[in-house]
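Residue numbers (the numbering used here), protein chains in the order written: chain A, 3 to 459; chain B, 1095 to 1464; chain C, 18 to 473.
Glycine included, every Cβ here is placed at the ideal spot set by N, Cα and C.
Take a look at the structure set out below.
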Amino acid sequence: MKTPLLLLPLLAVTVGLAEADDKYAIKAGTVLTMAGDPITNGVIVIEGGRITAIGSADEVKIPWDAAVLDASDLTAAPGFVEAYTSSGMDRPNENVELAPYLNIRDSIDPVSFYFEDSLRAGVTTLNVQQGAACVIGGMGMVVQPFGLTVEEMLVRPNSGLIMSAAPKSGKSRATQAQALREAFGDLRRHLEQLVQEKRDGNDRARREALYQGRDLSGERGLGRAMVSDAWTVEGLELVPRGEIDEKMEPLLDVVEGTTDVYFYCGSPVDVHQALAIARDNGFLASTTLVLDASCWKAADLIKEAGVQVVLDPALTRTERDPRTGEEDEVFIPGVFAEKGITFALSSRNTTNESMWFQVATCIANGMSVEDAWAAATTSPAAMLGLDGRVGSLRKGADGDVVLYSGDPLSISSHVEFVVLDGKLVYDRSKDIRTKHLLEGIQPEGGSADEASDEGDK
Amino acid sequence: MLATTTLALAALLCGGPSAGDSFALRATRVHVGDGTVLENAIVLVKDGKIVDVGQGVAFDKDVPLIEHDGDLSAGLVALRDYAGIGAEGADSTRAVMDAADLRYAFDSDHPDMARLAESGITTVVLAPGSGSNVVAGMPVVVKPTVRVLRAKGSLHVDLSASGTSFNRYPSSYAGVLEVLEERFAAGEGAFGELKAGRMTVMLEAESRAETSRALDFASRHKLRGYLVDSQRAGELAAKVKASGLGVAVGPFAIGGDRKEVESAVSLAKAGVPIGFALDTPTNAPAMLRLSAATAMRAGLDRDAAFKALTSGAAALAGVGDKVGAVRAGMEADLVLWTGDPVDPTSRAVAVYIDGDLVHEAPETDEEDED
Amino acid sequence: MHLPSTWLVSLVAASTALAAAPTTLSILPDDQVTLVKAEKVIVRPGKTLENASVLIVNGRITAVGTDLEAPEGAEVLEGKVVCAGFLDVWSNLGVDGESVADSRTMPHCRTIDALDPYSSGFGREEARASGVLAVRAQVGSDAAFGGFGAWLSTGTSDGDLPVLLDDACQSATVGVSAGSIDVFDRVSQADKVVDEIRSGLDYGIDWMKYREELAAWEAAIATAEAKLTKDFKKAKKDRDKEVEEAGKEGKEFNEKKYKEDKKPSAPKFDAEKAAMERVANGEIPMVVTIHRSAELRALLDGTKQFDRLRLVIAGGTETLGFAEELAGRRIPVIVHPAPLGASRPAHLRDHDLSLAAQLAEKDVSVLIGSGGGSASRDLPLLASLAIGHGLDAEEAFAALTTRAARTFDVADQVGSVQKGRRGDLLILDGEPLAHSTSITHVLVGGQVVSPAKGGN
């Protein structure tokens, strides 16, 4: 049987799955932990997918039944964490402008090259969201870039809804803002109507829920008073949660602060709009802004609001003053760092925008090594609610380790191995696609072989 | 609030004194043109020419005297315009049209001409239409609705990107310069006249780099004349001054680019002679004075603005010895205004060209008939 | 939303003209105080004070009079003439360009959603330098319905864009967009505006009816419940008897008598209609950009039915023929007296710079606007052109100040030099709109923003 071409890449990178007892140990020349000083001649022990011990070789004992990866000439580091990405799907954007009821688990494509490339670039945790060409989009999830199914990739479900203050195509700022406001206005009116109906003894909502086949058992059949920092609808406890229109319920979770929000801003003006909407509807505390490069101008406002931000891959921005013709270059992370705003770097996994390059650029522009690394590891991990689980190597963290051939920030280094949850998922020596690029070797097996036999190279 | 003008009955009936007659105009303020303003001065006109100007001018009893409560000045001069030209003014088929004489390309009866006269504009330099030529032709200096004042006096040369064309030679700057150098070297026709200083140039250049190149070109061939369309020439004011060329600035659209206006002011302050382009019918004739007003708001001196509308522009157009000032010997192109001509609140109430009344503003309800 | 902001200083008001006692006022140490002295203070068109001063505390005018003394620590400015900053009633300065050009805005869109304080502020800087200190900004300027407009101050610096009044008015355009060549199209656009206002009015009436019905129903319920509580036993006995009787007759018992009457249901919320309701009941004015006679006739006829409507016409190229009606119905006209060349859009074919003068002569309330964008800085120049074509200078000045402010409900903040207004002033060396006059100082909110360069 010919192996289907699509499965080849996955098979190519999957090597040496761990033994059934799930014990894995890594010996590395240097270990960058992001939780303390670097360790020389370090050992990391992973059991059941979590790091159980980490330290120098003389401190840590390797279990006798652990599989060992001898990387004594390599550098181990935590995988990079992408706080927001909309790649990894066949089409990131929805036409429907208000779609909070969608969930990304239905559109992530596990075999997308994007995830494979993530491994090559040392990114081990990604918050995949729908694209920002929407008014309100669907629910995202945090995944690892390895697995045959979305469930296998899952790290944390329901990471948050994506919203955009930047106008969707066909809209202007005025109409986009009006659409956002209307979405929450409609939610409020819908809830008020439900409460009123309950008070009137009208069971229309219940009949509709049953007709639509919604689950009204258990918790879904119970009502809860509305808890919010902004507006509330009195009497919502009368309404079983399952009877709330499923298209609007995700927004209620947002207003009640139980769902996080990633708010995209395409320009500094959008920041004003996003923060206003978040404040007016009580979800400022659970909002993270995803910024375009131009938004640095609104840094003061962001500081005042106390929100965290995800930056655009473009770290510098040059603007020309139309009056004087003078050009001004701004190092964007520097602006945020100076104002004390927590930010996460972001990449698109191309060679010149990869996370390691982002970190290196920050250092080149004067940021400290710790701060630059943090912006690609621990800060985004905290934003995703995975503080201590990913982004750093410490006891109790997920067993996600990336092994580099040298200093991770050096251009001549590359990722040699990636271990996820204590399983080796990437081995560069067996990475067929890389070999194909560097050495001109054809992929093995299947029709590609026959094609090459026909001498088309 | 139009100032009242009392006209002699004969003037009303005959549409003004005819060219062979004499008449005198007395106005509250006469803007002579060199910066002086004479109070209650008289301008004596005979056979279409100004014979005397002053406060104590003597004239025969039978010479009609027209009293004007307001200002009097020479008619205004626009350094580039397209009134009456239409689509036939542009011929892009050949790069060099040095023999094209605009005298034969405009319609003197076109209503745009009358509109110019009504606004007090008595001299315009009609330019070849905006086709893509390296040399589009010879502009003509015209007195709207009356006659041609000077033909074959200047040559249009385009050293901007609009002179190139992708489907004929030259299609690059280098090609443009090659063509021109060739023509200048041969020195025939208009090019010879230019070299000899008997013709002036209307030199088109847009960007700063093009302007700089055009100035070098002009210096190389010792050309006289003025730049047009150079919106940033003010940034090269010293170089422009050194070249001896003048600059036709504007027109400055309402709400338009401020830097263009500032450039014009810089030029004037550096001592570069300036005048205003008008470009009707795309723009309204009112834009001539409005451009001057806009320049004044950006810092241009009142007298410099007035000069750019009259004598200064006339000199650049090569007709400074004939029009543009109220002086004995000049042609009688005069305008009666309700106030200072550079003030946008004033209007033209009567316009004379060659001593003929070509326009008179209709009386409003406010005016009293004596 | 329509209230001025509070200020901290209490003072004894200065008297005008023949003042007796000097002013006393209490100023706190952190207050920003400015005293502006002038040979002539133009309080508003028709009212001037000789050798007077204006006291500004924390951005607001607290006193205007002839006997004011400079408090300690106050900044003192002197000049020949002081007047209120100019107001541009037809602008989109400070608004994101895409939103201005958006042709799909709707009545419930708001200009304040599209403010862009980060856009290069030099349009506003130039406007300030020319004396234009506040503008009525509008998105969807060519859309059928532009939504809510807003009044903005031109601010003190690039990033500063204070809102003076949000949701200040509504906007519509008739016969202006590219698809309006046909006179039937244009008239139907006018009809559409009338219909929208009508739907707003009806919506308001529906809601009012609903509230009345709800109140009546609640009263009925209360009475019924009171009755029931009073004599529950009797009521129960009556009911049992009726059930029995019904059973005997073989009929179904009609419970209705004892059940609550059907509760009136609220009309469905409609943001668009809610917006238009505010226009229909006269809460905010409606600016309609409209030029030609056919549609003007349709609009004027169609809007006669709304006695609370505050209509404002913008453009109005052919309004002269309707001058009497406009004057009688107190419909102001915003003119845009810019000189146009030969190639002009069809609706501006008869554009005439003397329109302002001719309308004013027929007692129509005339306002002057710049038409938007960076043209705000040329507003005084446009006013000069209107004057040059017959408009009385004082009328022009009023159009740029008090009349503009009163028409759009911002007279409590801008448009005159009076107590309580913003410290938005111009210090000039001559009459405000005279060509030879230069502005020596511009104050926005009491702050000097430019010793203005260049001429007026």
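Whole-angstrom C-beta distance between A/R201 and A/L240, which should lie under 8 Å: 7 Å
Boundaries (first-last residue) of the alpha helix (DSSP H) holding A/H438: 434-441
A/I413 classed as buried or exposed, judged by whether at least 16 other C-beta atoms fall within 10 angstroms: exposed
Where the segment 1345-1357 of chain B meets chain C: residues whose CB sits under 7 Å from a CB there: I1348, G1349, R1352
Extent of the continuous alpha helix (DSSP H) run through B/S1313: 1302-1314
C-beta contact flag for A/V311 and A/V292 at 9 Å: In this structure, A/V292 lies closer than 9 Å to A/V311 by Cβ.
Member of C/N75, C/G440, C/K321 whose CA lies at the smallest distance from the CA of C/D47: Considering only alpha carbons, the answer is C/N75.
Environment of A/A73 [buried if 16+ CB atoms lie within 10 Å]: buried
Among C/Y220, C/F162, C/P134, nearest to C/A178 - alpha-carbon criterion: Checking the sequence, you will find Leu at residue 178 of chain C rather than Ala. Closest option to C/L178, Cα to Cα, is C/P134.
Buried or exposed by the 16-neighbour rule on C-beta atoms within 10 Å, applied to B/A1405: In the sequence as presented, Ala is not what sits at residue 1405 of chain B; that position holds Ser. Around the CB of B/S1405, 16 or more other CB atoms lie within 10 Å, so the residue is classed as buried.
Beta-carbon gap between C/T306 and C/S158 smaller than 9 Å: yes
Reference A/S288, options A/A227, A/F265, A/Q178, A/A179, closest by Cα: A/F265
C/M293 in three-state terms, based on DSSP: C/M293 falls in the helix class under three-state DSSP.
Residue nearest to B/N1377 in terms of C-alpha spacing, selected from B/A1347, B/V1229, B/V1443, B/A1342: B/A1347
Within chain B, the residues that C/E143 reaches when beta carbons sit closer than 8 Å: R1352
Cβ-Cβ separation, B/V1235 to B/V1413 (assumed contact under 8 Å), whole Å: 6 Å
Neighbourhood of B/V1420 by C-beta, 8 Å cutoff - its chain only, sequence neighbours within 5 removed: The residues are V1124, H1125, V1126, G1127, V1137, I1144, V1147, L1166, S1167, A1168, L1428.
Interface residues of the segment 253-273 of chain A facing chain C [CB-CB below 9 Å]: S269, P270, V271
B/G1369 vs B/A1342 beta-carbon contact at 9 Å: With respect to B/A1342, B/G1369 sits close: the two C-beta atoms are nearer than 9 Å.
Members of the segment 434-459 of chain C near chain B, C-beta cut-off 7 Å: H452
Minimum length 4: unbroken alpha helix (DSSP H) runs contained in the segment 1350-1424 of chain B: 1352-1363, 1381-1391, 1396-1403, 1405-1410
Within 9 Å, strictly: CB atoms of A/V404 and A/A79: yes
Reduced DSSP category for A/T127 - H, G, I as helix; E, B as strand; rest coil: strand
Separation of B/A1284 from B/M1293, as counted between CA atoms: Going by C-alpha positions, B/M1293 is about 7 Å away from B/A1284.
Beta carbon proximity, B/V1436 to chain C, threshold 9 Å: yes
Cβ neighbour criterion (16 or more within 10 Å) applied to C/D519: With chain C represented from 18 up to 473, any question about residue 519 of chain C goes unanswered, as that position is not in the structure.
Reference C/G432, options C/D380, C/C100, C/D183, closest by Cα: Comparing Cα-Cα distances from C/G432 to each of C/D380, C/C100, C/D183, the minimum goes to C/C100.
Interface positions of the segment 1438-1452 of chain B facing chain C (Cβ-Cβ less than 7 Å), listed along the chain: P1438, T1439, S1440, R1441
CB contact below 9 Å: C/R153 versus chain B: Proximity of C/R153 to chain B, defined by a Cβ-Cβ separation below 9 Å, is not satisfied.
Contact set between the segment 1239-1250 of chain B and chain C, restricted to residues whose Cβ is under 7 Å from the partner: none
is_contact[A/V175, chain C] using C-beta, thresh 9 Å: According to the sequence as given, residue 175 of chain A is Arg; it is not Val. So, interface residue.
Under the three-state DSSP convention, the category B/G1283 falls into: helix
Contact under 9 Å by Cβ, C/A151 with C/S170: yes
Secondary structure of A/S381, DSSP reduced to three states: helix
Residues in the segment 281-301 of chain A having any Cβ partner in chain C nearer than 9 Å: S296, K299, A300
Contact list for B/L1170 against chain C, beta-carbon separation under 7 Å: Simply none; closest approach about 15 Å.
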